[in-house]
Amino acid sequence: MSDKLNDWEISEDYYDSQEKDKKMSLEDFILESDLDHGELMTPSPSDELLKKTIEDVHQVLALAGEGKNIKEISALTGLEETYVYNIQVCAQGFHEDDEIAVAHLVLG
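The numbering of the sequence shown is the working numbering, which starts it at 169 and goes up by one.
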């Protein structure tokens, strides 16, 4: 019984220390099949819609960071208000402000 008490697998201190040190990021969820020649997922040159969406996301997030509302962003960029709204909703879930991930969600 004393061997089990010293076993690291059942030690609460071991698991508590692991939880404090663990920080997840988007890269933790990327599969080997998602990698292209050793690089993280990036849009291919032929994917113009994704590239345009990434640019839109960048513009919207930059203007929102300046305190602009949806109507103002729409007027400044020429984008539809619902599209601007969708970008902002999708961007709320990312702590890293990953514009590529947000663009995938918007297109999703």
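Every residue, glycine too, gets a C-beta built ideally from N, C-alpha and C. Because the structure is a prediction, the values reported are computed rather than measured.
- For glutamine 256, the enclosing alpha helix (DSSP H) has its first and last residue at 249-259.
- Glutamate 234: not part of any alpha helix (DSSP H); DSSP gives it neither H nor E.
- Note on glutamate 267: 16 or more other CB atoms within 10 angstroms of its CB, so buried under the neighbour-count rule.
- DSSP places aspartate 224 in the helix class (H, G or I) of the three-state scheme.
- The residue from Gln260, Gly246, Thr221, Tyr251 with its alpha-carbon nearest to that of glycine 233 is Gln260.
- Residues of the same chain with a CB within less than 7 Å of the CB of alanine 271, apart from the 5 flanking positions on each side, are Leu218, Thr221, Ile222, Val225 in chain order.
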